[in-house]
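Engineer: Residues 1 to 807 (UniProt numbering) are what the sequence shown spells out, left to right.
No residue lacks a Cβ here, since even glycine has one placed at the ideal position from N, Cα and C.
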Amino acid sequence: MRGGCNNRMMKEVRIFFSSSNRVLYNFKMAHRVKSIRETLDVINKERQEYNLGQDNTGNAAQDGRRYDMLKKKAIRFDDDPYFLQSNLIGRGRDMKKICDRLLDNSISDENVSVVPIVGIGGLGKTSLAKLIYDDEKVKKYYGIRFWVCVSDNFDERIIMRKILQQYDGSGKPEDCIIDKLPKNIEGKKYLLVLDDVWNKNQTRWLNLMKFLRNSAKGSKILVTTRDEDVARTMTRDESYKLKGLSKEKSLSLLMKMAYKKEGEWKNQRLEEIGTEIANKCCGVPLAIMTIARLLCSKDTDKDWEVFNSREFANIKQEAGDILPTLKLSYDILPSQLKQCFTYCRLFPKDYEFKPIDLIDLWMAQGFLKSPYNRSMEDVGRDYFMELVWGSFFQDIEKDVYGNVIMCKMHDLMHDLAQKEAGSNFALVDNSNTATYCHGEVLHVSIYKDEVSKWVGEAHSRARSLLCFEAVKEDLIKDISKNFRNTRVLWLPKGVHPKEVPKEIGKLNHLRSLNLSFSTFESLPPSISKLYNLETLNLEQCWYLIELPRGITELVRLRHLNIKWCRKLTHMPMGIGKLTNLEMLSDFIVGEKGKDDADGLDELSKLKGLTNDLKLSHLERLGKGTNGSFPIKSLNLQSLELHWDWDAKEDKQVPTHSEEEKEAILDRLQPHSNLKGLIIRGYMGCTFSSWVFQLHELVVLEIWDCKYCTYLSPIHQLPFLKSLYLLRLSGLEYIEDGYMSSTFFPSLQEIKMYGLPNFKGWVNLQGNDSQGKEIPEEGDDFLLPIFPTVITVIRLIPITKSHIGGLM
Numbered sequence: 001m002r003g004g005c006n007n008r009m010m011k012e013v014r015i016f017f018s019s020s021n022r023v024l025y026n027f028k029m030a031h032r033v034k035s036i037r038e039t040l041d042v043i044n045k046e047r048q049e050y051n052l053g054q055d056n057t058g059n060a061a062q063d064g065r066r067y068d069m070l071k072k073k074a075i076r077f078d079d080d081p082y083f084l085q086s087n088l089i090g091r092g093r094d095m096k097k098i099c100d101r102l103l104d105n106s107i108s109d110e111n112v113s114v115v116p117i118v119g120i121g122g123l124g125k126t127s128l129a130k131l132i133y134d135d136e137k138v139k140k141y142y143g144i145r146f147w148v149c150v151s152d153n154f155d156e157r158i159i160m161r162k163i164l165q166q167y168d169g170s171g172k173p174e175d176c177i178i179d180k181l182p183k184n185i186e187g188k189k190y191l192l193v194l195d196d197v198w199n200k201n202q203t204r205w206l207n208l209m210k211f212l213r214n215s216a217k218g219s220k221i222l223v224t225t226r227d228e229d230v231a232r233t234m235t236r237d238e239s240y241k242l243k244g245l246s247k248e249k250s251l252s253l254l255m256k257m258a259y260k261k262e263g264e265w266k267n268q269r270l271e272e273i274g275t276e277i278a279n280k281c282c283g284v285p286l287a288i289m290t291i292a293r294l295l296c297s298k299d300t301d302k303d304w305e306v307f308n309s310r311e312f313a314n315i316k317q318e319a320g321d322i323l324p325t326l327k328l329s330y331d332i333l334p335s336q337l338k339q340c341f342t343y344c345r346l347f348p349k350d351y352e353f354k355p356i357d358l359i360d361l362w363m364a365q366g367f368l369k370s371p372y373n374r375s376m377e378d379v380g381r382d383y384f385m386e387l388v389w390g391s392f393f394q395d396i397e398k399d400v401y402g403n404v405i406m407c408k409m410h411d412l413m414h415d416l417a418q419k420e421a422g423s424n425f426a427l428v429d430n431s432n433t434a435t436y437c438h439g440e441v442l443h444v445s446i447y448k449d450e451v452s453k454w455v456g457e458a459h460s461r462a463r464s465l466l467c468f469e470a471v472k473e474d475l476i477k478d479i480s481k482n483f484r485n486t487r488v489l490w491l492p493k494g495v496h497p498k499e500v501p502k503e504i505g506k507l508n509h510l511r512s513l514n515l516s517f518s519t520f521e522s523l524p525p526s527i528s529k530l531y532n533l534e535t536l537n538l539e540q541c542w543y544l545i546e547l548p549r550g551i552t553e554l555v556r557l558r559h560l561n562i563k564w565c566r567k568l569t570h571m572p573m574g575i576g577k578l579t580n581l582e583m584l585s586d587f588i589v590g591e592k593g594k595d596d597a598d599g600l601d602e603l604s605k606l607k608g609l610t611n612d613l614k615l616s617h618l619e620r621l622g623k624g625t626n627g628s629f630p631i632k633s634l635n636l637q638s639l640e641l642h643w644d645w646d647a648k649e650d651k652q653v654p655t656h657s658e659e660e661k662e663a664i665l666d667r668l669q670p671h672s673n674l675k676g677l678i679i680r681g682y683m684g685c686t687f688s689s690w691v692f693q694l695h696e697l698v699v700l701e702i703w704d705c706k707y708c709t710y711l712s713p714i715h716q717l718p719f720l721k722s723l724y725l726l727r728l729s730g731l732e733y734i735e736d737g738y739m740s741s742t743f744f745p746s747l748q749e750i751k752m753y754g755l756p757n758f759k760g761w762v763n764l765q766g767n768d769s770q771g772k773e774i775p776e777e778g779d780d781f782l783l784p785i786f787p788t789v790i791t792v793i794r795l796i797p798i799t800k801s802h803i804g805g806l807m
């Protein structure tokens with residue numbers, strides 16, 4: 001009886017725990033689902049920590065549409081007449097009133113008086129101050145002008161150093177005592193702009209004024225600040241309170257930035273919707289511009305109405321706070337652009353950065369996805385331009401080719417990046433070290449003497465380390481030990497031992513290494529172990545004598561910057577192994593016969609080179625060198641050809657024959673779409689015909705070519721904007737014969753200097769003069785009219801000269 005009962009119980013237990021028991025099955029599955037969810041939560045948290053978004057690169061159609069849209073935006077950006085000064089629309093009256101105060105000597109009995117501009121963030125205080133600073137009347141009135149961006153850290157000695165650096169280019173050491181203006185500024189009238197001031201400590205302000213008071217009466221300090229209390233700290237005079245734009249000006253700015261022509265919206269439904277949207281921006285130009293960029297892709301009234309009633313309606317914005325509006329533009333960014341933007345939080349406020357540096361940093365972190373077989377650099381430029389387009393960056397500076405070369409983030413955009421970046425990012429200075437010094441942070445930037453405190457602790461999770469102070473040798477050892485997994489080591493203020501410690505070779509994961517402005521003489525052989533390195537920046541390492549041979553093992557290297565490394569004598573043997581190089585700033589031709597030096601033929605293996613390239617020591621190209629050099633196959637933007645003898649009498653005269661000199665230049669011909677050409681130290685009498693047949697040229701500079709007596713016709717180059725003819729001691733004429741009516745249609749700047757034998761632009765002797773007199777000796781030397789020239793730097797040593805239409 002008892003045995004039967006036990007058997008039944010065992011049978012029931014087996015049935016209960018069998019897979020057919022739905023109650024138990026559901027119980028087990030609930031626990032498994034819970035466990036999976038917890039695992040997914042952990043993965044999602046780590047995804048957020050590493051700023052990993054959805055990878056949409058597999059969707060070719062979506063990538064194609066996005067790429068086409070970026071191209072359209074780039075075209076609009078290039079042709080945009082409102083872009084660089086768009087937030088100045090409607091500020092003409094403000095500018096006049098402030099200029100009147102700056103030009104009025106009677107408003108103060110003091111030698112130096114202060115004119116504060118006060119207003120909330122995003123109103124355009126800095127842009128207005130820049131317009132005033134560059135005004136012709138202001139420039140004429142103040143012979144000496146300085147601009148200093150102050151930001152959060154008000155340090156009177158740093159401000160004075162920046163002033164002196166602008167005046168004479170001197171970089172004063174950190175421990176240098178500065179107690180007054182230089183003697184050659186004393187007693188003179190100056191204008192000083194202090195931008196973005198937050199200091200309310202009157203003692204610090206008075207300390208600065210001790211330095212600035214010994215000037216002529218009428219000197220002014222123009223200050224921009226958000227805080228009226230800051231202005232009161234500086235002066236008892238009334239501040240200029242900058243207000244928001246009027247409703248009419250706000251609407252005008254919105255429509256212009258959204259690329260709506262007046263005929264498309266005036267007296268139509270779009271005007272009503274646009275007015276509602278503009279009014280919600282409270283007259284703040286930064287908010288208006290940001291929203292306008294979102295509206296660019298919305299073509300119909302209905303699209304605008306939906307945006308206004310849905311997306312924009314959810315914005316909770318208080319007076320004086322436009323951050324919610326800016327966040328709206330951030331929220332709609334693709335995940336890869338969000339992580340690129342938040343990464344910029346590592347730069348200090350008001351820091352000016354180069355797009356190429358940003359692209360290097362993004363690339364090192366794996367943020368750049370490359371569809372369509374496009375290079376990561378091209379994708380990075382697209383990402384950057386889309387952020388520019390969305391008003392995430394400002395103060396855009398372009399070079400003569402139209403490329404953006406410098407920009408920075410508005411303070412409010414920096415605040416947004418800081419908020420969205422979260423605790424995985426740390427910008428450390430002496431005010432917040434305790435807050436951020438934890439081992440879990442992923443990306444770190446350090447400045448203000450905090451480097452040693454940070455790098456002495458282990459940070460195994462850190463993926464970026466940016467130091468904005470000079471670093472000593474022992475700290476490199478600490479970094480190599482405690483930041484083993486970092487992908488970025490950025491030391492733009494330099495490393496200051498005589499050599500870099502070998503321990504740097506332990507940073508196996510390093511993708512981007514910036515050692516610019518350093519004082520070391522060599523790099524250790526261990527650098528060849530950085531197999532993942534993609535960017536090596538050695539710009540202005542003045543004392544660097546040679547690159548290590550092992551650098552040719554860095555086969556993933558894409559960018560090698562050795563600009564202004566003046567003591568470098570050659571490229572290491574085997575440099576052609578670096579076939580992934582996209583950017584190489586300089587190629588230094590080695591001396592023939594030396595085992596450790598490479599010749600110009602190695603360039604033929606670097607087929608991916610783009611951008612700008614300088615070829616140095618071309619005088620080392622031997623006699624009888626046959627064949628063409630591989631320059632023509634490179635897709636360069638600009639090319640500099642440099643022979644290292646100059647036009648001075650005490651320099652060694654080249655032993656090449658005239659034919660050999662001209663033959664070498666012939667074989668250095670670049671591709672026909674080159675935009676910039678610089679020739680220095682060429683010793684031939686005539687230039688190759690290709691030099692003046694580069695019809696895409698924007699910049700042409702010819703220096704120290706002492707035997708050249710005239711140039712071939714150059715006046716018909718249709719896109720030439722900048723022409724430099726410097727230290728050409730043998731030059732008599734620019735061209736031989738008469739010119740056509742098409743004369744430099746695009747030229748904006750011409751600089752002529754060191755031309756002791758110059759007689760005139762055109763040599764009319766021996767040609768049909770068509771009734772025109774050839775000037776007698778002592779007459780004015782006639783130079784032609786330059787109809788589009790903006791800047792003429794005329795330093796021709798001629799007693800009487802005339803540039804038509806300009807003098």
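#1: Please report the Cβ distance between Leu489 and Leu510, rounded to the nearest whole angstrom; I am assuming they are in contact, meaning their Cβ atoms lie under 8 Å.
#2: Who pairs with Pro427 in a beta bridge, going by DSSP?
#3: Taking contact to mean at least 3 C-beta pairs separated by less than 8 Å, is the region 375-388 in contact with the region 345-363?
#4: Between the Cα of Ala129 and the Cα atoms of Asp100, Lys139 and Met95, which residue gives the shortest distance?
#5: On the three-state DSSP scale, how would you describe Cys281?
#6: Helix, strand or coil for Phe154, going by three-state DSSP, please let me know.
#7: Going by the CB atoms, is the gap between Leu208 and Met160 shorter than 9 Å?
#8: Please classify Ala364 as buried or exposed, where buried requires at least 16 other C-beta atoms within 10 Å of its C-beta.
#9: Taking all protein chains shown into account, do 16 or more other C-beta atoms lie within 10 angstroms of the C-beta of Leu513, making it buried, or fewer, making it exposed?
#10: When DSSP labels each residue in this structure, what does His496 get in the three-state scheme?
#11: Alpha carbons only, please: which of Phe154, Arg620 and Arg269 is nearest the one belonging to Thr225?
#12: With distances taken from CA atoms, which of Cys705, Val230 and Arg620 is nearest Ser151?
#13: Taking the straight line between their C-alpha atoms, what separation do you get for Arg667 and Phe629?
#14: Give a single yes or no on whether Asp382 has its beta carbon closer than 8 Å to a heavy atom of the ligand NAD.
#15: Using a threshold of 9 Å, state whether the C-beta atoms of Val699 and Glu735 are closer than that.
#16: Hey, Ile322 and Leu294 are a contact pair by Cβ (cut 8 Å); roughly how many whole angstroms apart?
#17: Considering just the uninterrupted stretch of the alpha helix (DSSP H) at Trp304, what are its terminal residues?
#18: What ranges does the beta strand (DSSP E) occupy inside the region 530-578, keeping only unbroken runs of at least 3 residues that lie completely in it?
#19: Here's the rule: buried if 16 or more other CB atoms are within 10 angstroms of the residue's CB, otherwise exposed. What is Gln394?
#20: Got a sec? Which residues, its chain only, sit under 6 Å from Lys661 by beta carbon, not counting five neighbours each side?
#21: Counting only the same chain and skipping the five closest in sequence on each side, list residues whose C-beta sits under 7 Å from that of Leu412.
#22: Looking only at its chain, what residues have a beta carbon closer than 6 Å to the beta carbon of Lys651, apart from the 5 residues adjacent to it on each side?
#23: What distance in whole Å lies between the Cβ atoms of Asp612 and Ser585, which are believed to be in contact at a cut-off of 8 Å?
#24: Using a threshold of 9 Å, state whether the C-beta atoms of Trp643 and Glu619 are closer than that.
#25: Kindly list the residues whose CB is nearer than 8 Å to the CB of Leu103, restricted to its own chain and excluding five residues on each side of it in sequence; keep chain order.
#26: Please tell me whether residue 819 and Lys220 are closer than 9 Å, where the distance is taken between their beta carbons.
#27: Take Ala545 and list the residues in its own chain whose beta-carbon comes closer than 8 Å to its own, dropping the five residues that flank it on each side.
#28: Below 9 Å between beta carbons: does that hold for Asn580 and Gly599?
#29: Can you tell me where the beta strand (DSSP E) holding Ser250 begins and where it ends?
#30: Please determine, among Ser297, Glu262, Gly263 and Met255, the residue with the shortest C-alpha to C-alpha distance to Ile277.
#31: Once DSSP output is grouped into helix, strand and coil, what is the label at Asn207?
#32: On the three-state DSSP scale, how would you describe Arg463?
#33: If you check the beta carbons only, do Tyr343 and Ala426 fall under 9 Å apart?
#34: Near Asp350, what residues of its chain come up, given a Cβ to Cβ distance below 7 Å and the 5 sequence neighbours on each side ignored?
#35: Output the distance between the C-alpha atoms of Pro524 and Thr233, rounded to the nearest integer angstrom.
#36: At the level of alpha carbons, what is the spacing between Thr610 and Asp704?
Structural biologist: To lay it out plainly:
#1: Within the sequence shown, numbered from 1, the residue matching residue 489 stands at position 489. Within the sequence shown, numbered from 1, the residue matching residue 510 stands at position 510. By a beta-carbon distance limit of 8 Å, Leu489 contacts Leu510. Their separation comes to about 6 Å.
#2: On the sequence shown, position 427 is the one that residue 427 refers to. According to the sequence provided, residue 427 is Leu. The question's Pro does not apply to it. Answer by DSSP bridge pairing, in chain order: Ser445.
#3: In the pairwise beta carbon analysis, the region 375-388 is classified as touching the region 345-363: at least three pairs are separated by under 8 Å.
#4: As a first step, residue 129 must be located in the sequence shown, where it is residue number 129. Checking every option, the nearest Cα to that of Ala129 belongs to Met95.
#5: The sequence position of residue 281 within the sequence shown is 281, counting from 1. Cys281 falls in the coil class under three-state DSSP.
#6: Indexing the sequence shown from 1 puts residue 154 at position 154. Under the three-state reduction of DSSP, Phe154 is assigned to coil, being neither helix nor strand.
#7: Translated into the one-based positions of the sequence shown, residue 160 becomes position 160. Translated into the one-based positions of the sequence shown, residue 208 becomes position 208. Between Met160 and Leu208, the C-beta spacing is below 9 Å.
#8: As a working mapping, residue 364 is identified with position 364 in the sequence shown. The residue in question, Ala364, is buried, as its Cβ has 16 or more Cβ neighbours within 10 Å.
#9: Against the sequence shown, residue 513 aligns to sequence position 513. Burial state of Leu513 is buried, judged by a 10 Å Cβ sphere holding 16 or more other Cβ atoms.
#10: Against the sequence shown, residue 496 aligns to sequence position 496. Looking at His496 - three-state DSSP - the assignment turns out to be coil, as it is neither helix nor strand.
#11: For the purposes of this step, residue 225 is identified with residue 225 of the sequence shown, where counting begins at 1. That would be Phe154, whose Cα lies nearest to the Cα of Thr225.
#12: As a first step, residue 151 must be located in the sequence shown, where it is residue number 151. Considering only Cys705, Val230 and Arg620, the residue with the shortest C-alpha distance to Ser151 is Val230.
#13: As a position in the sequence shown, residue 667 is number 667, starting the count at 1. As a position in the sequence shown, residue 629 is number 629, starting the count at 1. Each residue's alpha carbon lies about 6 Å from the other.
#14: The ligand content of the structure shown is nil, which means the ligand NAD is not present either.
#15: Taking the first residue of the sequence shown as position 1, residue 699 is located at position 699. Taking the first residue of the sequence shown as position 1, residue 735 is located at position 735. Their beta carbons are not under 9 Å apart, which means Val699 does not touch Glu735 by this criterion.
#16: As a working note, residue 322 is residue 322 in the sequence shown. As a working note, residue 294 is residue 294 in the sequence shown. At roughly 14 Å, the Cβ-Cβ gap does not stay under 8 Å, so Ile322 and Leu294 are not in contact.
#17: Counted from its first residue, the sequence shown places residue 304 at position 304. Here the alpha helix (DSSP H) through Trp304 covers Asp301 to Val306.
#18: Entirely contained in the region 530-578, the beta strand (DSSP E) runs reaching 3 residues are, in chain order, 535-537 and 559-561.
#19: Stepping through the sequence shown from its first residue, residue 394 is reached at position 394. Only buried fits Gln394, as 16 or more other CB atoms lie within 10 angstroms of its CB.
#20: Position 661 of the sequence shown, counted from the first residue, corresponds to residue 661. Correct list, in chain order: Met683 and Gly684.
#21: One-based indexing of the sequence shown puts residue 412 at position 412. Excluding residues within five positions, the ones whose Cβ falls inside 7 Å are Gly121, Gly122, Leu286, Ile322, Leu323 and Leu326.
#22: As a working mapping, residue 651 is identified with position 651 in the sequence shown. Confidence in Lys651 is poor, its pLDDT being 48 and thus under 50, which makes the residue's placement unreliable; the coordinate value appears in the next sentence. Hits under 6 Å: Trp645.
#23: Counted from its first residue, the sequence shown places residue 585 at position 585. Counted from its first residue, the sequence shown places residue 612 at position 612. Going by Cβ atoms, the distance from Ser585 to Asp612 rounds to 7 Å, so yes, they are a contact pair.
#24: The residue labelled residue 643 in the question sits at position 643 within the sequence shown. The residue labelled residue 619 in the question sits at position 619 within the sequence shown. Using a Cβ distance threshold of 9 Å, Trp643 and Glu619 count as a contacting pair.
#25: Stepping through the sequence shown from its first residue, residue 103 is reached at position 103. Excluding sequence neighbours, Leu103 sits near Lys137, Val138 and Tyr141.
#26: A query on residue 819 cannot be resolved here, the shown segment of the chain reaching from 1 to 807 and no further.
#27: Taking the first residue of the sequence shown as position 1, residue 545 is located at position 545. The question names Ala, but residue 545 in the sequence shown is Ile. Here the set comprises Glu521, Ser522, Lys567, Leu568 and Thr569.
#28: Here residue 580 corresponds to residue number 580 of the sequence shown, with the count starting at 1. Here residue 599 corresponds to residue number 599 of the sequence shown, with the count starting at 1. Remark: C-beta atoms of Asn580 and Gly599 do not approach each other more closely than 9 Å.
#29: Here residue 250 corresponds to residue number 250 of the sequence shown, with the count starting at 1. Per DSSP, Ser250 belongs to no beta strand (DSSP E); it is in the alpha helix (DSSP H), Lys247 to Met257.
#30: Here residue 277 corresponds to residue number 277 of the sequence shown, with the count starting at 1. Nearest in C-alpha terms to Ile277, of all of Ser297, Glu262, Gly263 and Met255, is Met255.
#31: Position 207 of the sequence shown holds residue 207. Of the three classes helix, strand and coil, the one that applies to Asn207 here is helix, per DSSP.
#32: Sequence index remark: in the sequence shown, residue 463 carries index 463 (1-based). It is coil, neither helix nor strand.
#33: Sequence index remark: in the sequence shown, residue 343 carries index 343 (1-based). Sequence index remark: in the sequence shown, residue 426 carries index 426 (1-based). No, the Cβ-Cβ distance between Tyr343 and Ala426 is not below 9 Å.
#34: In the sequence shown, the residue the question calls residue 350 occupies position 350. Taken in chain order, the residues that qualify are Cys149, Ser151, Asp196 and Lys408.
#35: Stepping through the sequence shown from its first residue, residue 524 is reached at position 524. Stepping through the sequence shown from its first residue, residue 233 is reached at position 233. Here the alpha carbons of Thr233 and Pro524 stand approximately 52 Å from one another.
#36: To locate residue 610, count along the sequence shown from 1; it is residue 610. To locate residue 704, count along the sequence shown from 1; it is residue 704. One alpha carbon belongs to Thr610, the other to Asp704, and they sit about 27 Å apart.
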